[in-house]
Amino acid sequence: MLRTTPRRLAPVALLPLLVLSSCGGSEPPAEGAATTASADGHPVTVTGDDGELTLDQRPESIVSMSASATEMLFAIGAGGQVEAVDSTSDFPAEAPTTDLSAFTPNAEAIAARSPDLVVLSDDLNGIVGALDALQVPTLLLGAADTLDESYAQIETLGEATGHAEQAADVVAGIQDRIAAAVDSVPDSVQGMRVYHEIDPSFYSATSDTFIGGVYALFGLENIADGAADPAGGYPQLSAEYVVGRAPDLVVLADTVCCGENAATLAARPGFDTVPAVQQGRVLAVDDAVASRWGPRVADFAESLAAELRS
């Protein structure tokens, strides 16, 4: 198998030998082989948060250490090239989930999978440098702060994996679905106050975050924007603060982790006075859908639109 080369092209002189070995014989490749090999755009250079990475040919043994990247890879048609994913990558169902940890990544355990591309969302414990030392190509795509950044990551993965056209189609599809969702709600939702809950200790997300940007598209007023300490876009509010801001809509993104729902919200002291509770505007969503910056953001936008139309 041809291997990728981290941050540099393989020497041109080696290419004929590599091609011959990949074909498994000593005969020269067929006339159409060169065309087939270049049809997916390789060699290609892509840029991640860890700099430029040149891939000499399409990677066929990808390890994804990012749940969002895993969803992107499968959405663009590169799922068949994914050898293994980390323990948090639970979607789609066919993703080859392993015990590889994205929180305490181990370079040797990752390298043991013989990857020709590793995709990460964090450089925890210096994992990028450790993989570089093992000559394992890495592409670091950190958490997106905006929808545009998410789209750019999808397109980057499309170029890296030989699915550029499919990636462009996926991005266009997400954009169309979100636009349709926004257009489907009445003008009366403009200015409605929303509280997005990440966990029951009142961590939330401001408009400067990926998910906060979705609320902004609908013209909603995010109560977390008024927090004294935005904490990088994820402030910890208080029960008194939330009740005092009287949100018209509450989105619970802690249904899986913490079992929160409309009933548990209403049972909290003082929350029976919150307009969202009184009017039944409490949207319970899958934690992963509301936290990952991948293709399912369109699902979230559609669920939000349905709640706002009700």
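Counting from 1 along the sequence shown, just add 986 to a position and that's the residue number in our numbering. Note that beta-carbon positions come from the ideal geometry of N, C-alpha and C, so glycine has one too.
Option nearest residue i by Cα separation, candidates the options
i	options	result
residue 1029	1192, 1279, 1146 and 1182	1146
residue 1108	1092, 1101 and 1119	1092
residue 1045	1053, 1105, 1193 and 1250	1105
residue 1277	1136, 1102, 1043 and 1072	1136
residue 1286	1097, 1189, 1203 and 1099	1203
residue 1259	1212, 1234 and 1043	1234
residue 1289	1201, 1174, 1215 and 1263	1201
residue 1103	1182, 1039, 1184 and 1281	1039
residue 1198	1211, 1186 and 1122	1211
residue 1187	1153, 1150 and 1246	1246
residue 1252	1162, 1160, 1128 and 1229	1229
residue 1281	1101, 1099 and 1155	1155
residue 1249	1164, 1270 and 1231	1270
residue 1079	1086, 1065 and 1088	1065
residue 1122	1224, 1205 and 1098	1098
Extent of the continuous alpha helix (DSSP H) to which residue i belongs
i	result
residue 1295	1283 to 1295
residue 1241	1241 to 1244
residue 1250	1248 to 1252
residue 1095	1093 to 1097
Start and end residues, beta strand (DSSP E) containing residue i
i	result
residue 1048	1048 to 1051
residue 1032	1030 to 1034
residue 1235	1235 to 1238
residue 1071	1068 to 1071
residue 1103	1103 to 1106
Contact check, residue i vs residue j, beta carbons under 9 Å
i	j	result
residue 1068	residue 1060	yes
residue 1196	residue 1142	no
residue 1220	residue 1191	yes
residue 1238	residue 1268	yes
residue 1180	residue 1207	yes
residue 1124	residue 1034	yes
residue 1283	residue 1160	yes
residue 1140	residue 1051	no
residue 1095	residue 1274	no
residue 1076	residue 1084	no
Bridge partners - residue i, DSSP secondary structure assignment
i	result
residue 1208	1180
residue 1122	Note: residue 1122 sits in no beta bridge, so no partner.
residue 1037	1034
residue 1260	DSSP output for residue 1260 lists no bridge partner at all.
residue 1189	1222
Assigned secondary structure, residue i (DSSP; H/G/I helix, E/B strand, else coil)
i	result
residue 1265	coil
residue 1226	helix
residue 1156	helix
residue 1132	coil
residue 1018	Low per-residue confidence applies at residue 1018: pLDDT is 42, beneath 50, and the placement is therefore not dependable, though the value from the model is reported in the following sentence. Residue 1018 falls in the coil class under three-state DSSP.
residue 1279	coil
residue 1201	helix
residue 1137	helix
residue 1270	strand
residue 1080	coil
residue 1013	Per-residue confidence for residue 1013 stands at a pLDDT of 42, beneath the threshold of 50, marking its modelled position as unreliable; no derived number is given.
residue 1062	coil
residue 1089	coil
residue 1169	helix
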